[in-house]
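See below for the structure under consideration.
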Amino acid sequence: MEIGLPDIMLFVSFFFCISLCIYSLRFKLTPLNFSFSLFTAAAAIYALGYAFERMSVNLESMLFWSKFQYIGIPFIPGLLIIFTLCYTGYGEKVTCIRSLLFFIVPFISFVARWTNQYHQLFYKNPAVFNSHFGPMLSFEAGIFYFINIIYLLYALSYCTVLFIKYFFKTAFVYRMQTLLIMVALILQWFTLLIYLGGIAPKHFDINPYMFTISAILYASAIYWFSLFNIVPVARDVVFDEMNDAILVVNPDLQLIDFNKRCSTLFKSINDKAIGKSLEQLFVFQPEIIDGINNFSIAGMEIVLETDTSKVFLKLSLKQIKIINKSHVCTIITFYDITEQRMLMQRLEKLAAIDPLTGVFNRRQFEIQAEIEMRRSIRMNTPLSVLMFDIDHFKNVNDTWGHQCGDQVLKEFAATIAANIRDVDHLGRFGGEEFILIMPESNRKVAATISERLRQAIEKMILNLDGNITGITVSIGVAGRWNDENISIDSLIKYADKALYAAKQNGRNRVEID
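Shown next, in the form of structure tokens:
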């Protein structure tokens, strides 16, 4: 038994294939990597068996190792089909029943080869053929041999077509991975045609040698492009079903992929947008382009307004680097934070609004009043403050109860709010006391509005548990009507002082400090 270079190459092919088989099992077991591991195991058996067949010097030994090869050869097509279906997004078709159908022809071929000595329907007239490459097994092909070859040709053709179709529809970042597998299949396809067409040396099977190159391509897909960690099928399902919008752009910031959510949010993002620059697509959001160019987009928030609602988005950016750390693409994610923002707004509103009357609470009013006072001083414009106290409110609670008292407070606040400007700020100062700040209102305007509000309250008709009644209000007015530099706290004190005077002077009146 002599070992030549062709035999060494077969052992190399066996080593590569069996290594891939073992390595693929290190990942979480799925139909994808399990079918791949069995596929490479079958190829390894093929290469090992043919190596020992070539080193055999008599017919009996050659026939034994030929049988050994058919432990793997017939099952390669079925395993290849399952692997391809799982990879290209048709994994749901790989049911138990359908998987068994894929192996009907392989099982028939396996049985036919191992029982060939009884029927000669696989190989006929086997003999030893002496060639320049040493002694080799020669035979005449039987019907089951052709059935096995036809099924293998069908499997290679079918899988190649699936990969070609998938290559053109998959995301850019997965195309190199897909291309490597596709090239490996095409090489096997052409190798088989060369062998069947008689172009290769007579009776010399070149197919297991090609598994060395194919194994290198598969290894590249696994190691450099994470075949079992980054499966495009997972991308198709997860990527498109994500609630967050995702864009994938090349180093020149040209769009190469996007998910459904992105096309829903941005009308400019559709299939026709592929290849266009982000500057063309986000012409109305230049801040996004600036953020990407400066790699400062992380944490940036934008608001998209539609006809019916607002969408709050938080942006993030990640560069993808693969071989030699070269920049392959950039992934831009628009995280939908609308629910969080709406929740924050509701919480802020709860913290700022008096829950009973719906006007500012004291804390929020003081914040708004301080802002208006600073603006008044900066712009040198007048500012007025009105303090309200519902007359004899205690009698309402004592006579009709606290629920009726709450009703009075609500209707009082609603009446005041309906008779003031949008720029004015109304707040509940405590109990039955309310306060109003009016920007750009001088003494005369404040006096006029105060009297109008007093009359509006006096005209209110209240139905308290079936009892028709009314209320009155005392109002104290103060203001920054000259150039004096006064604090808002002082202004509120003056308004409170005027309110006290109104109550002392008979109530249901306006007093100006």
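The sequence shown begins at 21 in our numbering and counts up one residue at a time.
Using N, Cα and C, we set each Cβ at its ideal position, and we do this for glycine too.
DSSP places Asn227 in the helix class (H, G or I) of the three-state scheme. Across the set Ile167, Gly450, Phe149, the C-alpha of Ile167 shows the shortest separation from the C-alpha of Ala132. Leu157 sits in a strand when the DSSP states are folded into three classes. Under the Cβ criterion (8 Å, minimum of three pairs), the segment 88-104 does not count as touching the segment 38-49.
Selection Val203, Asp264, Asn263, Pro228 evaluated against Ser240 yields Val203 as nearest (Cα-Cα). When the five nearest sequence neighbours on each side are left out, the beta carbons in the same chain lying within less than 6 Å of the beta carbon of Met82 are those of Glu73, Ser76, Leu157, in order along the chain.
Between the alpha carbons of Leu207 and Ile236 lies a gap of roughly 12 Å. Residue pairing from DSSP places Tyr143 in a beta bridge opposite Ala161. The beta carbon of Phe188 sits closer than 6 Å to none of the beta carbons in its chain outside the five residues before and after it. Across the structure, Leu376 and Thr492 are spaced so that their CA atoms are roughly 20 Å apart. Measuring C-alpha to C-alpha distances from Phe332 to each of Gln360, Thr353, Thr350 identifies Gln360 as the nearest. Note that the segment 222-234 touches the segment 61-71; at least 3 beta-carbon pairs, one per stretch, sit closer than 8 Å. If the five residues before and after Gly450 are omitted, its C-beta is found closer than 7 Å to the C-beta atoms of Arg382, all from its own chain and listed in chain order. DSSP, read as helix, strand or coil, puts Phe54 in helix. Under the three-state reduction of DSSP output, Gln339 falls in the strand class. Separation of Leu205 and Leu176 (C-alpha to C-alpha, rounded to the nearest whole angstrom) is 7 Å. In this structure Thr190 is buried. Its beta-carbon is surrounded by 16 or more other beta-carbon atoms within 10 angstroms. When rounded, the separation of the alpha-carbon atoms in Arg281 and Lys330 is 15 Å.
Under the 8 Å Cβ criterion, the segment 21-32 does not count as touching the segment 46-65, having fewer than three qualifying pairs.
No residue range can be given for Glu460, since it is assigned to no alpha helix (DSSP H) and is classified by DSSP as neither H nor E. In the structure shown, Met202 adopts helical secondary structure according to DSSP, grouped into three states.
The continuous beta strand (DSSP E) containing Asn483 extends over residues 482-484.
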